[in-house]
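Each number in our numbering comes from the position in the sequence shown (counting from 1) with 11 added on.
Let me begin by presenting the structure, written as structure tokens, before commenting on it.
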Amino acid sequence: MSHQRKPIIAANWKMFKTVSEARETAVRLKALLDGGPALQSREVLVCPAFTALAAVHEVLSGSGIQVGGQNLHWEDEGAFTGEISAGMLLDCGCRYALLGHSERRQYFFETDETVSRKLRAVLSTPLIPILCVGESLSQRESGRAEEVIQGQLSGALAGVEASGLGGLVVAYEPVWAIGTGMTATPDIADQVHGIIREWLARRCSADMAAATRILYGGSVKPANAGELMSRENIDGALVGGASLDAESFSRIVEFK
Ligand code: PEP
């Protein structure tokens with residue numbers, strides 16, 4: 012973590028929690044964090060299921076904890092049954108949007124091209140995009156992690172002017188570490204984050220790369236958050252399983 016970049020700690024609740032469960036967790040989270048020092052120095056957000064967005068936003072409004080969407084469609088509106096747009100996320104109070112999560116790539120056939128369309132849609136709104144990239148276990152074992160991640164970055168950013176990427180947030184989430192309990196070591200994560208930052212410097216500019224927050228995701232827990240965040244290139248966390256419980260997520264937010 013560098014002092015020039017404000018860390019972001021993001022909760023991804025995936026397809027968990029009814030509206031009342033989400034509201035209850037948000038109430039607890041707000042009680043645990045509101046007025047404390049962590050919200051002064053860190054950006055904190057929760058990405059509930061679409062059905063709970065408005066309720067969670069209502070609970071958290073004024074607390075400093077923001078809300079984000081887990082996915083979106085690239086069109087503003089239209090005959091796209093089952094989809095929701097960037098404008099609809101904004102309408103529910105979202106400040107952020109996750110893009111290209113590995114579960115979307117793996118189970119819902121998202122490609123770099125569709126992730127790129129979504130990124131361009133988000134960049135035309137005030138939403139802050141959190142672009143997820145990461146290699147699978149077999150890609151890492153065959154020595155292709157770097158190439159895969161660079162391919163995902165260049166695919167997602169295709170056709171986007173460097174000048175429009177000032178607010179981009181990247182999340183490095185090795186697929187083998189998501190929900191498996193196998194956290195990437197701080198050394199591995201920091202090394203990959205460094206590669207992503209160098210790639211951004213070449214593609215955009217040194218200033219843009221130095222300012223871009225790169226989050227780590229993959230079995231982050233209260234017990235390992237502090238060590239991961241102590242590394243120069245790790246600017247926060249995207250947390251799945253350990254974010255479902257308000258106490259556990261608040262301890263990650265308050266990492267030392
Ligand atoms: C995620 O889904 O973004 C994630 C990192 O999950 P987990 O923390 O459960 O590995």
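We put the CB at the ideal spot given by N, CA and C, even for glycine.
State the DSSP-derived secondary structure class of residue i, mapped to helix, strand or coil.
{"i": "S174", "result": "helix"}
{"i": "Q51", "result": "helix"}
{"i": "G205", "result": "helix"}
{"i": "I76", "result": "strand"}
{"i": "H14", "result": "coil"}
{"i": "A195", "result": "coil"}
{"i": "S224", "result": "The sequence given here has Arg at residue 224, not Ser. In this structure, R224 counts as strand in the three-state DSSP scheme."}
{"i": "G237", "result": "helix"}
{"i": "L101", "result": "helix"}
{"i": "G89", "result": "coil"}
{"i": "I245", "result": "coil"}
{"i": "A169", "result": "coil"}
{"i": "H112", "result": "coil"}
{"i": "L179", "result": "coil"}
{"i": "L164", "result": "helix"}
{"i": "S261", "result": "helix"}
{"i": "S230", "result": "coil"}
{"i": "S96", "result": "strand"}
{"i": "L142", "result": "strand"}
{"i": "L56", "result": "strand"}
State buried or exposed for residue i, treating a residue as buried only when at least 16 other CB atoms are found within 10 Å of its CB.
{"i": "P140", "result": "buried"}
{"i": "A217", "result": "exposed"}
{"i": "S261", "result": "buried"}
{"i": "F120", "result": "exposed"}
{"i": "P137", "result": "exposed"}
{"i": "M193", "result": "exposed"}
{"i": "S127", "result": "buried"}
{"i": "S113", "result": "buried"}
{"i": "Q117", "result": "exposed"}
{"i": "D123", "result": "buried"}
{"i": "A21", "result": "buried"}
{"i": "H14", "result": "exposed"}
{"i": "E146", "result": "buried"}
{"i": "T92", "result": "exposed"}
{"i": "T191", "result": "exposed"}
Round the Cβ separation of residue i and residue j to the nearest angstrom and send it over; I've been treating them as touching at under 8 Å.
{"i": "L71", "j": "A108", "result": "Rounded, the Cβ-Cβ distance is 16 Å, inconsistent with contact."}
{"i": "D87", "j": "G79", "result": "Wrong, their Cβ atoms sit about 19 Å apart, outside the cutoff."}
{"i": "P185", "j": "G229", "result": "5 Å"}
{"i": "A220", "j": "A212", "result": "4 Å"}
{"i": "W187", "j": "R151", "result": "7 Å"}
{"i": "H204", "j": "I225", "result": "5 Å"}
{"i": "M240", "j": "M26", "result": "Not a contact, Cβ separation roughly 27 Å."}
{"i": "R208", "j": "A173", "result": "Contact doesn't hold; Cβ gap of about 14 Å is too wide."}
Check whether the Cβ atoms of residue i and residue j lie closer than 8 Å to each other.
{"i": "K28", "j": "A63", "result": "yes"}
{"i": "V181", "j": "N23", "result": "no"}
{"i": "I206", "j": "Y227", "result": "no"}
{"i": "I95", "j": "L110", "result": "no"}
{"i": "V55", "j": "L43", "result": "no"}
{"i": "L134", "j": "A167", "result": "no"}
{"i": "G237", "j": "K267", "result": "yes"}
{"i": "A33", "j": "A66", "result": "yes"}
{"i": "A49", "j": "V264", "result": "yes"}
{"i": "Q81", "j": "C58", "result": "yes"}
{"i": "V231", "j": "A257", "result": "no"}
{"i": "A307", "j": "R242", "result": "In the structure as shown, the chain starts at 12 and stops at 267, and residue 307 therefore has no counterpart that could be examined."}
{"i": "I160", "j": "V144", "result": "yes"}
{"i": "Q77", "j": "R106", "result": "yes"}
{"i": "K129", "j": "W85", "result": "yes"}
{"i": "W210", "j": "L164", "result": "yes"}
Kindly say whether residue i, judged by its beta-carbon, lies nearer than 8 Å to any beta-carbon of chain C.
{"i": "I95", "result": "This model lacks chain C altogether; it includes just one protein chain."}
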